[in-house]
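In our numbering, the protein residues as written are 225 to 692. Where is the CB? At the ideal position from N, CA and C, for every residue including glycine. Note that the structure is a prediction, hence the values are computed from the model and not measured.
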Ligand code: NAD
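Next comes the structure, spelled out in structure tokens:
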């Protein structure tokens with residue numbers, strides 16, 4: 225789906241008109257162009273507060289890649305954040321890379337008191353205006369749930385407010401700000417998350433706080449095909465976000481089983497043929513669906529590594545006007561079917577060790593939406609399901625959710641014009657996301673190096689103003 229306003233406002237005449245009328249001027253977002261593209265290019269400035277624990281790990285992730293894919297240049301690591309201002313000025317004077325940083329990364333893991341939050345100001349105040357368009361801010365902290373003392377928990381929780389506010393200030397340049405909260409001693413789990421948040425793959429993800437727990441260190445994978453040898457089941461794969469997920473996981477090396485309702489089989493086959501995948505026609509709400517899916521997996525691939533519950537529907541009506549089948553269908557597709565499919569796959573031991581379950585929630589499930597009591601209820605239930613399952617899954621299997629905001633698909637194209645325009649603009653980046661933005665976040669969850677990323681709900685919403 226195309227956003228004509230975004231195109232128009234990025235022409236010289238459109239830009240001037242938007243500025244004089246006080247209209248939003250969204251910046252075009254840089255997305256991944258090639259799989260072997262370096263995850264970040266240009267100058268990255270890394271700073272740290274007192275007692276920082278992740279700084280060495282950050283330096284090695286950003287400064288050197290085991291597979292030689294690293295191309296970031298001019299990395300400056302500042303153990304003392306107060307030096308940051310001097311360095312930014314030095315870059316200006318020499319004219320090096322025009323004095324701009326492609327990312328500002330701050331290790332706040334050691335902050336133990338509210339007073340120490342001053343380190344954030346010291347690092348970002350002199351450097352934030354040096355962030356290039358489509359630049360990245362990434363803060364690493366310690367999960368407040370793991371902090372023993374209240375002042376430390378306060379300082380670590382404070383990072384969330386800081387990052388969310390920064391995201392709102394820098395979004396107009398297409399820049400994003402995110403936070404990764406590590407459990408103590410989980411430095412070896414940072415790799416895939418740091419790469420994701422600093423790369424073009426997270427173009428539409430901003431204002432998010434992710435929790436990273438301890439897990440076994442992943443073995444090195446082929447960086448251009450990290451999912452090679454894995455099998456993915458993607459529901460609702462014939463179009464929209466599901467088709468993008470299937471294509472993205474296949475791009476990263478996975479064999480994809482695409483599933484959709486029987487009437488969508490022709491479209492589904494076009495998607496799966498193009499990625500050398502397999503197509504399964506099945507309505508996930510039918511009683512026999514979990515068994516049918518499990519039988520198909522058993523016969524075709526012998527097991528599955530990733531299950532992406534993407535199929536979803538909306539049946540909008542205000543509660544008093546809602547027919548009961550609208551309620552029942554919406555809960556069945558968006559929530560009940562996911563649980564029943566997972567149960568069957570687990571019982572028949574078809575879900576492989578170190579597998580990944582990914583559910584699709586929605587901003588409607590976080591904030592609630594007018595005319596969507598059924599959909600908001602189901603999508604909120606998805607979050608409850610993910611958070612609970614994350615505590616119980618074994619054998620290295622993780623479960624996470626994505627909550628998309630406004631994504632340009634047939635679902636959103638069917639919205640009335642005013643609601644569609646409001647959905648597109650009411651976020652820090654002032655534009656809708658693309659299906660691939662959701663797919664890239666799922667590929668990050670599925671990465672073998674994301675074993676410590678479990679029980680998260682990450683919004684792919686350009687930091688929508690709606691909800692938390
Ligand atoms: P879409 O309507 O374009 O695609 C949904 C797919 O699910 C379709 O191919 C459909 O045939 C399939 N499906 C529906 N019922 C099914 C069933 N019973 N069995 C098997 N397949 C079934 O929607 P989309 O915009 O691509 O959304 C994908 C997911 O993202 C959904 O879960 C949706 O709720 C969620 N989401 C989308 C947005 C957005 O802005 N587009 C925002 C938030 C959440």
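Span of the alpha helix (DSSP H) holding residue 514?
Run containing residue 514: 513-524, per the alpha helix (DSSP H) assignment.
On the criterion of 16 or more Cβ atoms from any shown chain inside 10 Å, does residue 529 qualify as buried, or is it exposed?
So residue 529 counts as buried.
Please name the residue, chosen from 502, 595 and 497, that lies closest to residue 483 on a Cα-to-Cα basis.
Considering only alpha carbons, the answer is 502.
Can you find the residues in the same chain that come closer than 8 angstroms, C-beta to C-beta, to residue 647, ignoring five residues on each side of it along the sequence?
Same-chain partners within the cutoff: 629, 630, 636, 639 and 656.
Taking only the alpha-carbon atoms, compute the straight-line gap between residue 496 and residue 474 and give it to the nearest angstrom.
Their Cα atoms are separated by approximately 9 angstroms.
For residue 447 and residue 550, I'd like the C-alpha separation in whole angstroms.
Computed Cα separation, rounded: 44 angstroms.
Please report the straight-line C-alpha distance between residue 462 and residue 489, rounded to a whole angstrom.
Taking the straight line joining both Cα atoms gives about 8 angstroms.
State the beta-bridge partners of residue 534 as determined by DSSP.
In DSSP, residue 534 forms no bridge with anything.
When DSSP labels each residue in this structure, what does residue 678 get in the three-state scheme?
Note: residue 678 maps to coil in three-state DSSP.
Can you tell me where the beta strand (DSSP E) holding residue 358 begins and where it ends?
Start and end: 355-366.
Relative to the C-alpha of residue 491, which candidate in 460, 379, 690 and 507 has its C-alpha closest?
Answer by Cα proximity: 460.
Taking the alpha carbon of residue 470 as the point to measure from, which residue in 531, 445, 248 and 412 has its own alpha carbon closest?
Measuring from the Cα of residue 470, the nearest candidate turns out to be 531.
For the alpha helix (DSSP H) that residue 270 lies in, which residues bound it at each end?
Per DSSP, residue 270 belongs to no alpha helix (DSSP H); it is in the beta strand (DSSP E), 267-272.
Below 8 angstroms on the Cβ atoms is my contact criterion, and I expect residue 627 with residue 557 to pass it. Report the Cβ-Cβ distance as a whole number of Å.
At roughly 17 angstroms, the Cβ-Cβ gap does not stay under 8 angstroms, so residue 627 and residue 557 are not in contact.
For the putative contact between residue 508 and residue 480, defined by C-beta atoms under 8 angstroms, what is the C-beta separation to the nearest angstrom?
Contact doesn't hold; Cβ gap of about 16 angstroms is too wide.
I need the straight-line Cα distance from residue 526 to residue 644, nearest angstrom please.
Going from the Cα of residue 526 to the Cα of residue 644 covers about 43 angstroms.
Are there any heavy atoms of the ligand HEM lying less than 7 angstroms away from the beta-carbon of residue 631, as far as the coordinates show?
The ligand content of the structure shown is limited to the ligand NAD, which means the ligand HEM is not among them.
Return yes when the C-beta of residue 463 is under 7 angstroms from any heavy atom of the ligand NAD, and no when it is not.
It does: the Cβ of residue 463 is within 7 angstroms (strictly closer) of some heavy atom of the ligand NAD.
Hey, is residue 250's beta-carbon within less than 8 angstroms of any beta-carbon in chain C?
The question asks about chain C, but that chain is absent: this structure has only one protein chain.
Within the same chain, show all residues whose beta-carbon is closer than 6 angstroms to that of residue 485, passing over the 5 residues directly before and after it, in chain order.
Taken in chain order, the residues that qualify are 507.
Rounded to a whole number of angstroms, what is the C-alpha to C-alpha distance between residue 619 and residue 511?
Cα-Cα distance, rounded: 28 angstroms.
State whether the region 667-678 contacts the region 412-420, with contact taken as three or more CB pairs (one from each stretch) at a distance under 8 angstroms.
Enough Cβ pairs lie closer than 8 angstroms, so yes.
Which residue wins for smallest C-alpha separation from residue 259, given the options 664, 545, 542 and 683?
That would be 664, whose Cα lies nearest to the Cα of residue 259.
Tell me whether residue 635 counts as near the ligand NAD, meaning its Cβ is closer than 7 angstroms to at least one heavy atom of that ligand.
For the ligand NAD, at least one heavy atom lies less than 7 angstroms from the Cβ of residue 635.
Where does residue 576 sit, in a helix, a strand or coil, going by DSSP?
Residue 576 falls in the strand class under three-state DSSP.
Have a look at residue 193 and residue 361 and give me their C-alpha separation to the nearest angstrom.
Outside the shown range of the chain (225 to 692) lies residue 193, about which nothing can therefore be said.
Roughly how many angstroms separate the alpha carbons of residue 622 and residue 539, rounded to a whole number?
Computed Cα separation, rounded: 30 angstroms.
Ignoring anything shorter than 4 residues, give me the alpha helix (DSSP H) runs that lie fully in the region 451-483, in order along the chain.
Those alpha helix (DSSP H) runs which fall completely within the region 451-483 and span 4+ residues are 464-475.
Tell me whether residue 426 is buried or exposed, calling it buried when 16 or more other Cβ atoms sit within 10 Å of its Cβ.
So residue 426 counts as buried.
Measuring CA to CA, which of 545, 571, 333 and 610 is closest to residue 408?
Answer by Cα proximity: 333.
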